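K.L.:
Dumping the structure here so I can ask a few things about it.
There are 4 protein chains.
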Amino acid sequence: MLIVMKKQATEEEIRAVCDHIESLGFRPHPLPGAQRTAIGVTGNQGMVDQGTLEEFSGVAEVIRVSKPYKLVSRDVKEEDTVVHFPGTNASIGGRNLAIMAGPCSIETREQAFAVAEQVAAAGAQFFRGGAYKPRTSPYAFQGLGEEALRIMADIRDAFGLRIVSEALDSESLELVERYADMIQVGARNMQNYSLLREVGQTRKPVLLKRGMSATLEELLMAAEYIMAEGNYQVVLCERGIRTFVDHTRNTLDLAVVTAVHRLSHLPIIVDPSHGTGKRNKVVPLARAAAAVGADGLIVEVHHQPDKALSDGAQSIYPQQFADMVGEVRQIARILHRDVLDGIQVEAQASAPVRGSR
Amino acid sequence: MLIVMKKQATEEEIRAVCDHIESLGFRPHPLPGAQRTAIGVTGNQGMVDQGTLEEFSGVAEVIRVSKPYKLVSRDVKEEDTVVHFPGTNASIGGRNLAIMAGPCSIETREQAFAVAEQVAAAGAQFFRGGAYKPRTSPYAFQGLGEEALRIMADIRDAFGLRIVSEALDSESLELVERYADMIQVGARNMQNYSLLREVGQTRKPVLLKRGMSATLEELLMAAEYIMAEGNYQVVLCERGIRTFVDHTRNTLDLAVVTAVHRLSHLPIIVDPSHGTGKRNKVVPLARAAAAVGADGLIVEVHHQPDKALSDGAQSIYPQQFADMVGEVRQIARILHRDVLDGIQVEAQASAPVRGSR
Amino acid sequence: MLIVMKKQATEEEIRAVCDHIESLGFRPHPLPGAQRTAIGVTGNQGMVDQGTLEEFSGVAEVIRVSKPYKLVSRDVKEEDTVVHFPGTNASIGGRNLAIMAGPCSIETREQAFAVAEQVAAAGAQFFRGGAYKPRTSPYAFQGLGEEALRIMADIRDAFGLRIVSEALDSESLELVERYADMIQVGARNMQNYSLLREVGQTRKPVLLKRGMSATLEELLMAAEYIMAEGNYQVVLCERGIRTFVDHTRNTLDLAVVTAVHRLSHLPIIVDPSHGTGKRNKVVPLARAAAAVGADGLIVEVHHQPDKALSDGAQSIYPQQFADMVGEVRQIARILHRDVLDGIQVEAQASAPVRGSR
Amino acid sequence: MLIVMKKQATEEEIRAVCDHIESLGFRPHPLPGAQRTAIGVTGNQGMVDQGTLEEFSGVAEVIRVSKPYKLVSRDVKEEDTVVHFPGTNASIGGRNLAIMAGPCSIETREQAFAVAEQVAAAGAQFFRGGAYKPRTSPYAFQGLGEEALRIMADIRDAFGLRIVSEALDSESLELVERYADMIQVGARNMQNYSLLREVGQTRKPVLLKRGMSATLEELLMAAEYIMAEGNYQVVLCERGIRTFVDHTRNTLDLAVVTAVHRLSHLPIIVDPSHGTGKRNKVVPLARAAAAVGADGLIVEVHHQPDKALSDGAQSIYPQQFADMVGEVRQIARILHRDVLDGIQVEAQASAPVRGSR
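And the structure:
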């Protein structure tokens, strides 16, 4: 259910509606738009009485939402969601394409700084790096854990880059939330609903990667899980689906970008590294993602890909990344968008902000 | 690495080898076979020195295992793994096909008992029922939780049926382990490695369902995660894969049964309910699973499928189930296997055994 | 559109209705059933006037068929279609499962006779062998052509086996129709509509293999193409679909057997050889196909698979085939069906019947 | 086998080598490059003696080609193949992206001319239109046949656009070859090897669409069938593959463009209309195709898509097409390529050239 408030509705009127919804045992989600505020109503079962709500002061309309997803839907919020990173010029979902880059895994301080310096110079605003790695084999390198997060926090201090890293479970989530600026939920965990709920209870932006065989609806429903807990800063990510194709590791489904933009107000970025699994295909598909209208890119970059502990074959060289950013910027401009020259941080903003639950 | 002990090796000799492996920082996994004991060696990195180990008393051979999966491999353990349920005649992986049945979700005590009575009478040895449901929508019925587990424990007392239920995360795992006889890891969590590790630390048998787009190797590696923690009682389950096909919800890949039996000593059962998603196809595919050589079946049964809170469309009626068991038993006998007439419990064994971590 | 005649309708009444339909520029397809005759009406466009038809003597009912397939539909013909092979005890779609076996390609007379003798002894009623092979590479062995057909005609004379062989185009169709008893349309040609039409103009039974990524509806529509030309003796064949799975060459979709039986009166057999691509999986999947309710099997058998010019890896040995037939017969009996002991031919029937167009 | 001639090799030397190859029962395929000529050798079986060939005057090197595809391979011809349309400025595979547009089916002269005028004005160089339609249903509109081809020939005269149309079989091929400038082989016929061979015997350029579930190797082998018959003017086309995805009719696999360019010298264009099946996704994916590096686009355009007899839902409006061409041109320039302003024809070139077999 969706309650559309009048343009001139006051904060008190909005609060009164929310209080009423809560008193009925449901959860209100006030979502301010440019023109009006809409209030999504969620709850496991039953239905709020429509007539009573329409009588509340400031209410313009009460709409039954028939789609299984509610809070992610454009019906509920017409304007694009833009995720801001306070104290910086970085954002996701607005005019500028967000550029995220870094190694698959944080291996050493030297490696991480070497890559970070180069991707920052090339214009990236976000540094991605794995501290906790979901590996197919229990015997493979599983990441440096908290040490990796500390290195990345230092990279933020040194270069201003905002930090994106994956959480796998309650413990790693607590640490990623503490050190990083954005919490990644990986493809293998897209339907780990317990993790989605916990992530929904943090107040850090979330990067939600599409599962390997997830439909559009399943992807949106996974985001709905996070939003239903009150965290509305969700960014989706297309990273390739599993098909019969054998010339790439996955098949990048770029049409999903357009499909998401039609149904949802959430931003969606593209990962051409996992989406292809092959270095020689990363840059062409990154250009394609920009051309299709993606809100950003996340790319694996390594200064010595042949020595990488994971995903070396799909990591591009720093110089390739720099060239890629240049091409992507030109394509973005054709679509009346742009790519920042680089991250800028206000003096006081470089310290990590501790998320509160 | 795999250490094959001589036939006549003593327990002391085996322990000495294990102690040595531990002293080097690795983990030994002694796996007794009919003829000899083999000791699997796991550990995140590096390699035990082969020469030293070969000098230990009782050691027949030291083998480097090149496959990514070790403990699940037939190279390590030639004999089929049979999972026993002490105090009962039920087992999985031996001569008799295991038959698991029950509703998708436990909805009420009445519903659960009504179904349980009928599936027990038809010959099932295991009762399956969801207490914690991984639902695509955060607003859908999520299961009765601990109450459902208590109902199922009472069903064990009443009918002798061993209880199988799904755990989603640490909290639900603790409860499922306490009340149930077998812990299910669902398809969506097949690559939730944190959960796999936790499940590996329990001492209850595990039913590991194949992910919707998991390859054979990924399935075996998920089992390896559990076994690497020391829990060797793993049963795999084929439940259909995601394809372009639209006449069933998933496509049941029965050839994977044969493929698993060649590579691994673990049992594999088949779920024709999720594997087809349509009531009229459950029984034919159950017969096919028995004919291909599966070690058992897990089937959704509901006495009023049209009123089911979840998966009603794929739940069969109790009478269909009874007929199915009869046909499956006849097919099993053609393959020199059989289906028990029903569960039998020794007087003292019906109380739940608390797993220890 | 479908015209259902009254039970007691005479041949004259049926002919009068057909004549009327033809006079309007449409095509009537009288399909006799056990109780009544139904007349399917096809034609590229427009619609026959319903009222006029209902006034014809002997007409019980005129039904608009909304499904895209008409002649293949159970709505049009409720009874199972059984394809008979006159002068023999062989049939497809009735009580007995049809067993087809033989080498992928006819390589030499010696090879073909060696295989034929053994599969005939094991109970096969049909001999399959490729004369024209659709090979991925233009440089691979393309089949012996007419010489292969002549060898197979001699095999029919020697062993009574009915001959099934694939036609690729107009020329090969003409020859296959002349020499063989059943014309195979291969998976790659399932949507070669020109070939389907030509095959529809022959009067020999057709074995139509499902395309590698064909949906159920596309498969039925391909059969509809053949039937719309007036050839109603169509047998479908599931031979595996293309998925992400890598432990078999294709994924055998056994649920399609049940789905076809619900929607269509046509028989459907299963090809576990192409469906798996691996010798060790052919027999288990053949059993599964029988258990799911398939109307027959088509299996590649070679007396020296390691020397086969094509598909050696998926060809089973004659002894495996003989064991398979025994197991399949036992499974068939559980489903109240059976497998013949072997082909029997009336003295005068062994000569090939020339199809007329 | 591949024979690389010396840079300074004369035509006589090349002919002598070819004659020798023919005298041995093989087929020589001289493929001139910028620097040197290479001669591919094909034939069903056996191997030319390498030593003898190396002794021929003008031969630099004799190479055994181990890949299953030979003539399509970059090993055989390093330079990109550019297909020219004599008497016009149109080409495929060179610096300019080829732009093909038109309705799915030719329905009437008025419709065809209305669309053609607008796509010509927007910069298209090729007019696509179906005369023979491969339809899933035998009762659906199958195309106007030769009448459609005559209309398209008139469109060439009126607007200069080169004509692309699909052939389904021998009869339609003869007519398409006579009237059109480029013969299309559709996705459903990609492995109709008889048709590929016949098309290979024409001397008109061929547009070969990828099958719905064709691997990269199968696509290249289909082109090899055409080239093995002596027709080297083959252009590949990615048109979407069949996956589990349900938000588009097919999933466009743009990485295949990069993969083809690495392995083969043949051009590859992209069809975003069939690749998505939805009007709102055609233009974004067309931009993405240009950005990934495709050699051109083929797009369905209809002036009244809601009234189209086929594929209306995926046909874009002429104005959308014009905007698309503008955006694609800008993206092409970023990759140092371009899009022509429109077709230009020398006075004497507008008459159709009759292909000779």
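Chains as they are written, first to last, in our numbering: chain A, 513 to 869; chain B, 513 to 869; chain C, 513 to 869; chain D, 513 to 869.
Glycine included, C-beta positions come from ideal geometry on N, C-alpha and C.
Here the structure is a predicted model, which means the values were calculated and not measured.
1) Return the Cβ separation of G545 of chain D and E590 of chain D in integer angstroms, given the expectation that the two are a contact with Cβ distance under 8 Å.
2) Taking beta-carbon pairs under 7 Å, can you tell me which members of the stretch 823 to 835 of chain A lie near chain D?
3) Does any C-beta atom of chain D lie closer than 9 Å to the C-beta of Y691 of chain C?
4) Assuming L680 of chain B contacts Y644 of chain B under a Cβ cut-off of 8 Å, what Cβ separation, rounded to an integer in Å, is found between them?
5) Could you check where the beta strand (DSSP E) with C749 of chain C kicks off and where it finishes?
6) Examine chain D for any beta-carbon lying closer than 9 Å to the beta-carbon of H815 of chain A, and answer yes or no.
7) In whole angstroms, what separates the C-alpha of A803 of chain C from that of I551 of chain B?
8) Can you pull the chain B neighbours of Y737 of chain A, defined as C-beta to C-beta under 8 Å?
9) Using a Cβ cut-off of 9 Å (strictly closer), state whether I551 of chain B contacts chain A.
10) How long is the line joining the alpha carbons of S862 of chain B and D669 of chain B, rounded to whole angstroms?
11) Any Cβ of chain D within less than 9 Å of the Cβ of Q842 of chain A?
12) Curious, which full-length alpha helix (DSSP H) runs of at least 4 residues does the stretch 653 to 711 of chain A contain?
13) Is L748 of chain B close to chain C? Criterion is C-beta to C-beta, closer than 9 Å.
14) If the criterion is Cβ atoms closer than 9 Å, does the pair M694 of chain A and G712 of chain A meet it?
15) Using a Cβ cut-off of 7 Å, which residues of the stretch 705 to 723 of chain C contact any Cβ in chain D, in chain order?
16) When the cut-off is 9 Å and only beta carbons count, does K819 of chain B lie next to chain A?
17) Since T755 of chain D meets chain B, which of its residues come closer than 7 Å, beta carbon to beta carbon?
18) What are the boundary residues of the beta strand (DSSP E) that I810 of chain C is part of?
19) Using alpha carbons as the reference points, say which of A:F756, A:N743, A:V747 lies closest to V495 of chain A.
20) How about D807 of chain B: is its C-beta nearer than 9 Å to some C-beta of chain C?
21) Could you give the uninterrupted runs of the beta strand (DSSP E) lying entirely in the stretch 518 to 578 of chain A, keeping only those of 3 residues or more?
22) Beta-carbon within less than 7 Å of L687 of chain C's beta-carbon, same chain only, minus the 5 sequence neighbours each way: which residues are those?
23) Using 9 Å as the limit for Cβ to Cβ distance, is T554 of chain C near chain D?
24) Report the option in C:V757, C:R751, C:Q842, C:V595 whose CA atom is closest to the CA atom of A767 of chain C.
25) Distance check for I855 of chain D and E534 of chain D, CA to CA, integer angstroms please.
26) If we define contact as Cβ-Cβ less than 9 Å, is R866 of chain B a contact residue for chain D?
27) Which partner residues does L514 of chain D have in the DSSP bridge list?
28) Buried or exposed for D853 of chain B, going by 16 or more other Cβ atoms inside 10 Å?
29) Should G871 of chain C be labelled buried (16 or more other beta-carbon atoms within 10 Å of its own) or exposed?
30) Return the bridge partner residues of V595 of chain B from the DSSP annotation.
31) Taking Cβ-Cβ distances shorter than 7 Å, what residues in chain B pair up with L764 of chain A?
32) What did DSSP end up calling R586 of chain A once you bin it into helix, strand or coil?
33) In the DSSP output, which residue or residues are listed as bridge partners for S776 of chain A?
34) Along chain B, which residues have their Cβ under 7 Å away from the Cβ of V804 of chain C?
35) Using only the alpha-carbon positions, how far apart do I810 of chain B and P784 of chain D sit?
36) Near E729 of chain C, what residues of its chain come up, given a Cβ to Cβ distance below 6 Å and the 5 sequence neighbours on each side ignored?
P.N.:
Well, looking at it:
1) Going by Cβ atoms, the distance from G545 of chain D to E590 of chain D rounds to 6 Å, so yes, they are a contact pair.
2) Within the stretch 823 to 835 of chain A, no residue has a Cβ that lies closer than 7 Å to any Cβ of chain D.
3) No - not a single Cβ of chain D is within 9 Å of the one on Y691 of chain C.
4) With a Cβ gap of about 5 Å, L680 of chain B and Y644 of chain B count as contacting.
5) 746 to 750 is the span of the beta strand (DSSP E), which, as asked, contains C749 of chain C.
6) No, its Cβ sits nowhere closer than 9 Å to a Cβ of chain D.
7) Roughly 40 Å between the two C-alpha positions.
8) Residues of chain B passing the Cβ test: P650.
9) No, because no Cβ of chain A sits closer than 9 Å to the Cβ of I551 of chain B.
10) Confidence at S862 of chain B is low in this model, with a pLDDT of 48, below 50, so its placement is unreliable and no value can be given for it.
11) Judged by the 9 Å Cβ criterion, Q842 of chain A is in contact with chain D.
12) Taken in chain order, the unbroken stretches of alpha helix (DSSP H) that lie wholly in the stretch 653 to 711 of chain A and span 4 residues or more are 658 to 671, 682 to 691.
13) Under the 9 Å criterion on CB atoms, L748 of chain B is classed as non-interfacial with respect to chain C.
14) 9 Å or more divides the Cβ of M694 of chain A from the Cβ of G712 of chain A.
15) So the close ones are Y705, S706.
16) It does not; no Cβ of chain A falls within 9 Å.
17) Taking a Cβ-Cβ threshold of 7 Å, the residues of chain B close to T755 of chain D are F756, in chain order.
18) Here the beta strand (DSSP E) through I810 of chain C covers 808 to 812.
19) No information on residue 495 of chain A is available, as it lies outside the stretch 513 to 869 that chain A covers here.
20) No - not a single Cβ of chain C is within 9 Å of the one on D807 of chain B.
21) Taking only runs of at least 3 residues, the beta strand (DSSP E) segments lying wholly in the stretch 518 to 578 of chain A are 539 to 544, 549 to 554, 571 to 575.
22) E658, L661, listed in sequence order.
23) Cβ-Cβ to chain D under 9 Å: yes for T554 of chain C.
24) Put simply, of C:V757, C:R751, C:Q842, C:V595 the residue whose alpha carbon is nearest the alpha carbon of A767 of chain C is C:R751.
25) Here the alpha carbon of E534 of chain D sits roughly 41 Å from the alpha carbon of I855 of chain D.
26) Residue placement at R866 of chain B is flagged as unreliable, the pLDDT there being 43, under the threshold of 50; the coordinate-derived value follows with that caveat. Chain D, which has no Cβ nearer than 9 Å to the Cβ of R866 of chain B, makes this no.
27) In the DSSP output, where bridge partners are listed per residue, L514 of chain D has D:G552, D:I575.
28) By the 10 Å Cβ count, D853 of chain B comes out exposed.
29) The structure shown does not extend to residue 871 of chain C, since chain C is modelled only from 513 to 869, so the question has no answer here.
30) Under DSSP, V595 of chain B shares a beta bridge with B:I604.
31) The premise fails here: L764 of chain A is roughly 16 Å from chain B at the closest Cβ pair, so nothing lies under 7 Å.
32) Here R586 of chain A sits in coil by DSSP.
33) The beta-bridge partner set that DSSP reports for S776 of chain A consists of A:S585.
34) Under the 7 Å cutoff, chain B gives P796, L797, R799, A800.
35) Each residue's alpha carbon lies about 43 Å from the other.
36) No residues qualify anywhere along the chain.
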